[in-house]
Structures are given as structure tokens and as C-alpha cells.
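Novice: Okay, handing you the structure first.
There are 2 protein chains.
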Amino acid sequence: MPDTRLGTPEIYADLQHRLLTGGFAPGAKLMPSALHTEYGCSANTVRDVLLQLSKIGLVEFEIQRGFRARNVSIQKRAEIARFRVLLEQEGAVASMCNGGLEWESALAAAHHRLMHIEKQFARTQDTIPFVGIWSDAELAFHRTLLSECRLPPLQETFDNVYMQFRQQMVGLESNCVPSYFHRIIQEHQAIVDAATAKDEAALRSAIQNHQARHTERDVSATR
Amino acid sequence: MPDTRLGTPEIYADLQHRLLTGGFAPGAKLMPSALHTEYGCSANTVRDVLLQLSKIGLVEFEIQRGFRARNVSIQKRAEIARFRVLLEQEGAVASMCNGGLEWESALAAAHHRLMHIEKQFARTQDTIPFVGIWSDAELAFHRTLLSECRLPPLQETFDNVYMQFRQQMVGLESNCVPSYFHRIIQEHQAIVDAATAKDEAALRSAIQNHQARHTERDVSATR
DNA sequence: ATTTTTCAGAATATCAAAATTTTGAGGGAG
DNA sequence: CTCCCTCAAAATTTTGATATTCTGAAAAAT
């Protein structure tokens with residue numbers, strides 16, 4: 002798409018964005034030899050970027066077999082969602098214990114910003130360009146939630162899992178219903194309330210409920 | 002070291018092994034242009050392998066600044082250890098709930114194999130060649146512990162974290178005292194006992210105790 | 001004396017082409 | 001009809017060379 006000469010970071014960002022917004026069909030082959038013309042660079046450069054993207058789980062890499070956009074399935078989304086809940090519960094509880102007033106304030110600020118975007122969202126029909134900025138704001142909110150947990154490895158893992166989860170979402174549901182966002186606003190509010198009240202059990206429940214739609218175990222699937 | 006022509010998987014395995022056994026000083030620069038002669042391949046091939054190793058956290062990669070063996074510190078080891086405990090507790094408890102007799106048996110088998118190696122270990126002075134096989138057996142034991150948790154993302158993350166933890170260990174303590182292994186045998190036994198007894202609280206404690214030496218928070222470090 | 005600039009050496013990123021491997025279709029043998 | 005073998009097209013990996021960027025020390029300026 003872009004016609005100017007791009008550096009590796011730009012190619013990385015663009016490919017990540019496409020992966021996260023349905024720019025590639027799930028499981029689609031990602032061929033450096035095909036993509037390099039789009040970015041006006043060599044195939045090897047695309048290969049490097051794809052290798053880096055496989056690091057965060059958005060791209061599957063198999064030796065001698067190239068790259069693919071990660072496959073999606075209800076089962077896989079459920080596994081990722083349950084792992085995400087696990088990480089977020091532990092991280093949020095730790096943040097709640099460590100974090101002081103400045104953490105609560107940051108959380109309130111992130112939530113306010115997110116609500117503002119979500120309200121704009123509900124008013125607009127043209128949802129496509131909004132998913133990107135909404136997702137950034139939601140990620141910022143959840144990052145703030147974990148920001149004081151003092152476990153960098155958990156935070157890094159959460160970032161990856163969050164993006165993998167998002168990839169599963171857009172791969173499985175191409176359209177976003179507006180009522181969906183109403184529920185999400187309430188769920189975020191419950192998280193903020195529990196964190197502010199320093200109620201560990203409530204915080205865990207709120208985080209669990211936030212993903213309840215996706216964590217149900219699918220007994221029919223044989224994986 | 003090897004004089005025959007090596008494929009990428011062999012180079013990957015060898016570099017991983019060196020990273021995990023102190024073959025590189027912590028923070029040491031890993032230059033494709035220097036390593037490619039050792040493996041009889043081009044610098045770019047080494048670069049690819051290092052990119053893949055950075056995926057599991059053993060190698061740090063910064064754009065335009067190359068690769069480094071990951072740095073070690075008491076602080077970093079503590080963070081990794083605490084994250085490891087968290088993952089292992091959740092994974093083991095889930096495995097205990099899901100796993101049946103075949104899981105208990107597999108766990109007992111992995112533990113028996115590990116004990117056998119540990120006893121040989123205590124008898125030998127020449128510890129260096131043993132650390133590799135002991136570590137493989139210990140990893141197998143902990144993998145078995147999580148094998149029935151039905152959370153593939155957690156299992157993958159645990160593998161990475163386990164290796165990062167090992168890297169911190171060998172980077173911080175070059176010598177392994179034999180008494181160290183006596184304690185570890187008992188700690189593993191406690192994990193097996195709790196899992197067999199289906200005692201969730203005891204299992205969590207046993208896993209926590211297994212890393213207790215490393216999870217202490219270092220208040221003096223300002224990170 | 002401290003800071004800034006310059007400059008060569010070294011290391012990294014990128015490239016286009018060659019070598020290797022995989023894939024899939026077509027043709028024979030059982 | 002099925003299975004296996006062969007072979008050519010396509011894709012991936014590797015290579016060696018080129019271009020860009022970084023590093024550190026010496027020189028110049030404040």
C-alpha cells in the first residue's frame with residue numbers, strides 16, 4: 002500500500018496492524034516473495050519482520066515451510082482467553098496491593114479515556130476505523146491495570162496474549178454489534194470499582210466476567 | 002566447535018545449549034559476523050537463528066544494535082522465579098483437577114527418572130557434563146506436572162520462563178553445591194505427594210517452596 | 001577542563017541471486 | 001483403480017556483497 006521507502010519498524014507496525022484488523026485471512030500464507038513488492042523492499046527484509054512477529058504469536062513459523070497468519074478457532078480463543086484471565090487476575094491483584102493513589106488515578110484516567118471512545122463508537126455507524134483506536138485504548142486500560150504488579154515477565158506475556166486474543170476475535174467475528182460495547186463499558190466499570198475498593202475477590206470476579214463469553218469450555222471440539 | 006556443515010536446527014540447538022550452560026558471559030555481544038565462522042555458515046544464517054532465540058527470551062535483540070546474551074541479576078532472577086511459581090501453581094492445580102491416574106503415573110515416572118539422575122549426581126565430582134541431562138530431566142518433570150492443565154498458551158510460556166530462569170541460575174552461580182541437590186529432591190517429592198493427595202493448598206505451597214530461595218524481593222535494588 | 005565535532009573502523013541491515021527443499025501434477029507399474 | 005515414482009514449478013533458505021548505522025577515540029571549540 003505505502004509508496005514511500007519504508008524502514009523495518011514501519012513494515013513491522015503495518016504488518017502487525019493488518020494481522021490485528023483482519024487484513025489477512027486466518028491461516029493465510031505470508032510469503033516474503035509476495036509481500037516485498039507491497040513494501041518496496043527485499044524479500045529477506047520481510048522475512049526478518051515476519052520472524053519478529055512470530056515472536057509475539059501473531060504469525061506461525063515452521064521451518065522450511067514459511068509463515069502463516071495464525072489460525073483461529075473457538076477452541077483456541079477460549080484457551081487464550083482463559084490464560085489471559087489468569088494473568089490479568091494475578092497481575093491486577095498484585096497491582097492493587099502495590100499500587101497507591103497514583104495507580105488508582107491512572108486507572109481512572111485510562112478508563113475515562115476508554116469510555117469516551119466507546120461512547121463515540123456507539124453513535125457512529127462507521128465502526129471500521131474505530132476498532133483500531135478503541136483497541137489501543139482498551140490495551141492501555143488493561144496495561145494500566147497491571148502496571149504496578151512488579152512482574153515484568155507477566156506484563157510482557159500479557160501484552161502478547163492480549164494481541165493474540167484480539168487476533169482471534171477479529172478472525173472469528175467480522176462484525177461488531179453495538180450492544181456488545183454497552184456490556185463492555187459496564188465490565189470495565191466493575192473492574193475499576195473493585196480495584197478502587199481494594200476488594201480482591203470482586204476484582205477477580207470482574208476480570209473473569211469480562212471474558213466469560215469466551216472462556217467457556219467447548220466439549221464438542223476434539224482439538 | 003563442530004567442523005561438519007551444520008543446518009539451522011543444529012545451530013539453533015547448539016547456541017541454545019551454550020546460552021543455557023554458561024557458554025556465553027551474561028550480556029555478551031553475539032555477533033553474527035563473529036559466530037558464522039564457528040558454524041561454517043554465513044552471517045545472515047546466524048542472524049536468523051538469533052532472531053528465533055530472542056523469541057524465547059534467551060537473547061536480547063535491539064534494532065540496529067544487534068544481539069546480546071541476556072543479562073542476569075538477582076532482581077531479574079527473582080522476577081522470573083515469581084512468574085514461574087505463578088504459572089506452575091495454576092498449571093499444576095489445573096492438571097491435578099483434570100488429570101487422572103495416567104497423569105499421576107506419568108508424574109511418578111518423571112520423578113523417579115529425575116531422582117535416579119540426582120543420586121548419580123551426588124556421587125560424582127565431575128558435575129559439568131551432568132547439568133545438561135539433569136536439567137532436561139527436571140524440565141521433563143515440571144512439564145509433566147503441567148501436562149494436563151489444558152492451557153497450551155500457559156505451557157508454552159512456562160517452557161520459555163523455565164529456560165530463562167535456568168539462564169539466570171547458571172549466570173549467577175557458576176558452581177553447584179551437592180547439598181543443593183538434596184534439598185531439591187525433597188522439594189520435588191513434596192510436589193508429587195501433594196499432587197497425588199489432591200491437596201491444592203499443599204501443592205501450591207510445595208511449588209512456592211521449591212523456588213523460595215529465589216523469590217525473595219530485593220528491596221535494596223532500585224531497578 | 002569540559003563539551004562538541006569529526007572521522008575511521010567495525011557492526012548491522014539490506015539486497016539480489018544461487019542453492020536447497022517442498023509441492024503437486026502427470027505417467028507408469030502393480 | 002490405487003500406489004509410487006519422477007519431474008518441473010514454486011517457495012524457502014542461504015550466500016556474499018553493498019549500503020547504512022553505530023562506536024569510540026582523537027581533534028577542535030567553548
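If you read the protein sequences in the order shown, they are chains A and B. Going by our numbering, the first residue of the first sequence is number 2, and it counts up by one from there. Going by our numbering, the first residue of the second sequence is number 2, and it counts up by one from there. We put the beta carbon where it would ideally sit given N, CA and C, even for glycine. Remember, predicted model here, so these are calculated numbers, not experimental data.
1. Going along the stretch 155-168 of chain A in order, which residues come within less than 8 Å of chain B, judged by CB to CB distance?
2. Return the CA-CA distance between residue 12 of chain A and residue 42 of chain B, expressed in angstroms with no decimal places.
3. Within the 8 Å Cβ cut-off, does residue 152 of chain A reach chain B?
4. Looking at chain B, which residues of the stretch 25-50 of chain A have a Cβ within less than 9 Å of any of its Cβ atoms?
5. Check residue 62 of chain B in the structure and name its three-state DSSP category.
6. Which residue from B/86, B/69 and B/199 puts its Cα closest to that of residue 287 of chain A?
7. Mind reading off the beta-carbon distance from residue 196 of chain A to residue 93 of chain A? Whole number of angstroms is fine, and I expect it under 8 Å.
8. For a test of the three-state rule: what should DSSP assign to residue 25 of chain B, helix, strand or coil?
9. Give, in chain order, every residue of the stretch 72-87 of chain A whose Cβ lies closer than 9 Å to some Cβ of chain B.
10. If I'm right that residue 171 of chain B touches residue 21 of chain B with Cβ under 8 Å, what's the distance once you round it to whole angstroms?
11. Residues of chain A with a CB under 8 Å from the CB of residue 208 of chain B: which are they?
12. What's the C-alpha gap between residue 4 of chain B and residue 40 of chain B?
13. Using the C-alpha atoms, what's the distance from residue 10 of chain A back to residue 28 of chain B?
14. Apart from the five residues on each side of it in sequence, which residues of its chain come closer than 8 Å, Cβ to Cβ, to residue 141 of chain A?
15. When the Cα of residue 157 of chain B is compared with those of B/58, B/97 and B/188, which residue comes out closest?
16. Helix or strand or just coil, what does DSSP make of residue 51 of chain A?
17. Can you tell me the Cα-Cα spacing of residue 49 of chain B and residue 49 of chain A, whole angstroms?
18. On the three-state DSSP scale, how would you describe residue 36 of chain B?
19. Could you tell me the alpha carbon to alpha carbon distance between residue 68 of chain B and residue 189 of chain A, rounded to whole angstroms?
20. Starting from the C-beta of residue 100 of chain B, find all residues in its chain whose C-beta is less than 7 Å away, skip the five residues before and the five after it, and write them out in chain order.
21. Anything in chain A within Cβ reach of residue 91 of chain B, meaning under 7 Å, just list it in chain order.
22. Under a Cβ-count criterion, where at least 16 other Cβ atoms within 10 Å of its own Cβ denotes burial, should residue 183 of chain A be classed as buried or exposed?
23. Between the beta-carbon of residue 95 of chain A and the beta-carbon of residue 167 of chain A, is there less than 8 Å?
24. Enumerate in chain order the residues of its own chain whose CB-to-CB distance from residue 201 of chain A is below 6 Å, with the five nearest sequence positions on each side excluded.
25. Do you know offhand how far residue 33 of chain B's Cα is from residue 15 of chain B's?
26. Using only the alpha-carbon positions, how far apart do residue 131 of chain A and residue 135 of chain B sit?
27. Kindly say whether residue 216 of chain A, judged by its beta-carbon, lies nearer than 8 Å to any beta-carbon of chain B.
28. Could you pull out every residue in the same chain whose Cβ sits closer than 6 Å to the Cβ of residue 44 of chain B, ignoring the five residues on either side in sequence?
29. What are the boundary residues of the beta strand (DSSP E) that includes residue 85 of chain A?
30. Ordered along the chain, which non-local residues of its own chain (more than five positions away) have a Cβ less than 8 Å from that of residue 51 of chain B?
31. Could you check which residue in B/108, B/191 and B/173 has the C-alpha nearest to that of residue 206 of chain B?
32. Measuring alpha carbon to alpha carbon, tell me which residue in A/56, A/84 and A/164 is nearest residue 133 of chain A.
33. 8 Å is my cut-off, CB to CB: does residue 53 of chain B come that close to chain A?
Specialist: Based on what the coordinates show:
1. For the stretch 155-168 of chain A, the beta-carbon criterion of a distance under 8 Å to any beta-carbon of chain B is satisfied by 155, 158, 162 and 165.
2. The residue labelled residue 12 of chain A in the question sits at position 11 within the first sequence. The residue labelled residue 42 of chain B in the question sits at position 41 within the second sequence. Their Cα atoms are separated by approximately 28 Å.
3. In the first sequence, counting from the first residue as 1, residue 152 of chain A sits at position 151. With 8 Å as the cut-off, residue 152 of chain A counts as an interface residue toward chain B.
4. 45, 48 and 49
5. The residue given as residue 62 of chain B occupies position 61 in the second sequence. Three-state DSSP puts residue 62 of chain B in a strand.
6. Nothing in the structure corresponds to residue 287 of chain A, since chain A is present only between 2 and 224.
7. If you number the first sequence from 1, residue 196 of chain A lands on position 195. If you number the first sequence from 1, residue 93 of chain A lands on position 92. Right, the Cβ-Cβ distance comes to about 7 Å (below 8 Å), so this counts as a contact.
8. Here the question's residue 25 of chain B lines up with position 24 in the second sequence. Three-state DSSP puts residue 25 of chain B in coil, outside helix and strand.
9. Cβ contacts with chain B come from 77, 80, 81, 83, 84, 85 and 87.
10. Translated into positions along the second sequence, residue 171 of chain B becomes position 170. Translated into positions along the second sequence, residue 21 of chain B becomes position 20. Contact between residue 171 of chain B and residue 21 of chain B is confirmed by a C-beta separation of about 7 Å, below the 8 Å threshold.
11. Working through the second sequence from its first residue, we reach residue 208 of chain B at position 207. Simply none; closest approach about 14 Å.
12. For the purposes of this step, residue 4 of chain B is taken as residue 3 along the second sequence, with counting starting at 1. For the purposes of this step, residue 40 of chain B is taken as residue 39 along the second sequence, with counting starting at 1. Because the pLDDT of residue 4 of chain B is 30, which lies under 50, any placement of that residue in the model is unreliable, and the number read from its coordinates should be weighed accordingly. About 7 Å.
13. Here the question's residue 28 of chain B lines up with position 27 in the second sequence. Here the question's residue 10 of chain A lines up with position 9 in the first sequence. The alpha-carbon atoms of residue 28 of chain B and residue 10 of chain A are separated by roughly 24 Å.
14. Start at 1 with the first residue of the first sequence, and residue 141 of chain A comes out as number 140. Closer than 8 Å at Cβ, skipping near neighbours: 111, 114 and 115.
15. Against the second sequence, residue 157 of chain B aligns to sequence position 156. Residue B/58 is the option with its Cα nearest to residue 157 of chain B.
16. Taking the first residue of the first sequence as 1, we reach residue 51 of chain A at position 50. Three-state DSSP puts residue 51 of chain A in a helix.
17. Looking up residue 49 of chain B in the second sequence gives position 48. Looking up residue 49 of chain A in the first sequence gives position 48. So the two alpha carbons sit approximately 8 Å from each other.
18. Position 35 of the second sequence, counted from the start, is the residue given in the question as residue 36 of chain B. Of the three classes helix, strand and coil, the one that applies to residue 36 of chain B here is helix, per DSSP.
19. Reading the second sequence from its first residue, position 67 is the one you call residue 68 of chain B. Reading the first sequence from its first residue, position 188 is the one you call residue 189 of chain A. Their Cα atoms are separated by approximately 40 Å.
20. To locate residue 100 of chain B, count along the second sequence from 1; it is residue 99. For residue 100 of chain B, where only same-chain residues beyond five positions count, the Cβ hits under 7 Å are 149.
21. Along the second sequence, read from residue 1 onward, the residue named residue 91 of chain B stands at position 90. For the C-beta of residue 91 of chain B, the chain A residues within less than 7 Å are, from N- to C-terminus, 87.
22. Looking up residue 183 of chain A in the first sequence gives position 182. Counting Cβ neighbours within 10 Å, residue 183 of chain A comes out exposed, since fewer than 16 surround it.
23. As a first step, residue 95 of chain A is located in the first sequence; it is residue number 94 there, counting from the start. As a first step, residue 167 of chain A is located in the first sequence; it is residue number 166 there, counting from the start. No; because the gap between Cβ atoms is not below 8 Å, this pair is not in contact.
24. By one-based count along the first sequence, residue 201 of chain A stands at place 200. Answer for residue 201 of chain A: 94, listed in chain order.
25. One-based indexing of the second sequence puts residue 33 of chain B at position 32. One-based indexing of the second sequence puts residue 15 of chain B at position 14. Whole-angstrom Cα-Cα distance: 14 Å.
26. Counted from its first residue, the first sequence places residue 131 of chain A at position 130. Counted from its first residue, the second sequence places residue 135 of chain B at position 134. Here the alpha carbons of residue 135 of chain B and residue 131 of chain A stand approximately 52 Å from one another.
27. Here the question's residue 216 of chain A lines up with position 215 in the first sequence. Not closer than 8 Å to any Cβ of chain B, the Cβ of residue 216 of chain A fails to qualify, so no.
28. Position 43 of the second sequence, counted from the first residue, corresponds to residue 44 of chain B. Correct list, in chain order: 33, 34 and 37.
29. Mapped onto the first sequence, residue 85 of chain A falls at position 84. Here residue 85 of chain A belongs to no beta strand (DSSP E); instead the alpha helix (DSSP H) covers 75-99.
30. Within the second sequence, residue 51 of chain B is the residue found at index 50, counting from 1. Within the same chain, residue 51 of chain B has close Cβ partners 16, 31, 33, 60, 62 and 68.
31. Here residue 206 of chain B corresponds to residue number 205 of the second sequence, with the count starting at 1. Ranking the options by Cα distance to residue 206 of chain B, first place goes to B/191.
32. In the first sequence, residue 133 of chain A corresponds to position 132, counting from 1. Answer by Cα proximity: A/164.
33. If you number the second sequence from 1, residue 53 of chain B lands on position 52. It does: the Cβ of residue 53 of chain B has a partner Cβ on chain A nearer than 8 Å.
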